[in-house]
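Engineer: In our numbering, the protein residues as written are -17 to 212.
Ideal placement from N, C-alpha and C gives every residue a C-beta, glycine not left out.
Quick caveat, the model's predicted, so the values are computed rather than measured.
Could you have a look at this structure, given as structure tokens, before my questions?
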């Protein structure tokens, strides 16, 4: 088989179907880009979960009486909640933060990003709280056992925010993969149509070549090479 002839005919076929060739290249490139983006998003989601779920805490806000009068969790009401948590399986660490400590932390976090909010917020606006580090951030059962105690006002699980963000990224990743798959299918259809169109345009030449003894592979090789190059 004359390879130079096959190569020459494949190049001519690409030139004749230039518009479809460009469309095929663009479609395939977009598909590969979307697959790459999906993989990067998947890795970023996994790294985000691993990084932040190990750091998140459950914050248990305490009532006004404890917030106003207890600076070191020495009151019976505060100790009751803290001891209940420390005795629970699945609790790694319990840290008490007084009202003033909560305010100092608030100022530290927002003094640069939102100074107006810091100026308008007084220490009395923030409660004392117990910050609980769980062995498994996904298992909040140790915290739920103190939810109904009268001195507990609000329980905030930071892991919920991380899960919501990770869920959004997972959704975006799935959509990206679906679009990439659709683009890949479109590319396959374009390749098929391009080969069929090239064969149709050269049907008379192929017929003559077959009549003079050319093999089926020899007549089909330019189309196969054209599809591979595309």
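Could you tell me which uninterrupted beta strand (DSSP E) segments, each at least 3 residues in length, are contained entirely in the region 5 to 45, listed from first to last along the chain?
Structural biologist: List check, beta strand (DSSP E) in window: 40 to 44.
Engineer: Between residue 19 and residue 158, how many whole angstroms is the CB-CB distance? I'm expecting something under 8 Å.
Structural biologist: Going by Cβ atoms, the distance from residue 19 to residue 158 rounds to 5 Å, so yes, they are a contact pair.
Engineer: Once you ignore the five residues that flank residue 108 on each side, which residues in its own chain have a CB closer than 7 Å to its CB?
Structural biologist: Same-chain partners within the cutoff: 81, 84, 85, 88.
Engineer: What residues match up with residue 50 in a beta bridge as DSSP calls it?
Structural biologist: Beta-bridge pairing links residue 50 to no other residue.
Engineer: I need the DSSP call for residue 129, collapsed to helix, strand or coil.
Structural biologist: DSSP places residue 129 in coil when its eight states are reduced to three.
Engineer: Kindly indicate which residue of 63, 54, 50, 23 has the alpha-carbon position closest to the one of residue 125.
Structural biologist: Closest option to residue 125, Cα to Cα, is 63.
Engineer: Using 8 Å as the threshold, is the region 99 to 115 in touch with the region 68 to 79, meaning 3 or more CB pairs across them?
Structural biologist: Yes, they touch.
Engineer: By a C-beta neighbour count over all protein chains shown, 10 Å radius and 16 as the cutoff for buried, is residue 1 buried or exposed?
Structural biologist: Exposed, by the Cβ-count rule.
Engineer: Alpha carbon to alpha carbon, what distance is there between residue 48 and residue 56?
Structural biologist: Their backbone Cα atoms lie some 10 Å apart in a straight line.
Engineer: Count the other C-beta atoms from every protein chain shown that fall within 10 angstroms of the C-beta of residue -17, then say buried if there are 16 or more, exposed otherwise.
Structural biologist: The pLDDT assigned to residue -17 is 49, lower than 50, so where the model puts this residue is not dependable, and the model offers no usable value.
Engineer: Would residue 24 and residue 165 be called neighbours here (beta carbons separated by less than 8 Å)?
Structural biologist: For residue 24 and residue 165, no; Cβs fall outside 8 Å.
Engineer: Just the Cα atoms here: how many angstroms apart are residue 69 and residue 90?
Structural biologist: Rounded to the nearest angstrom, the two C-alpha atoms are 32 Å apart.
Engineer: Which whole-angstrom value describes the C-beta separation of residue 111 and residue 43, a residue pair presumed to lie in contact below a C-beta threshold of 8 Å?
Structural biologist: With a Cβ gap of about 5 Å, residue 111 and residue 43 count as contacting.
Engineer: Rounded to whole angstroms, what's the CA-CA distance from residue 122 to residue 136? Just pull it up for me.
Structural biologist: One C-alpha to the other measures close to 14 Å.
Engineer: Using the C-alpha atoms, what's the distance from residue 151 back to residue 175?
Structural biologist: C-alpha separation (whole angstroms): 36 Å.
Engineer: Need the endpoints of the alpha helix (DSSP H) that residue 62 sits in, please.
Structural biologist: That run of the alpha helix (DSSP H) goes 58 to 68.
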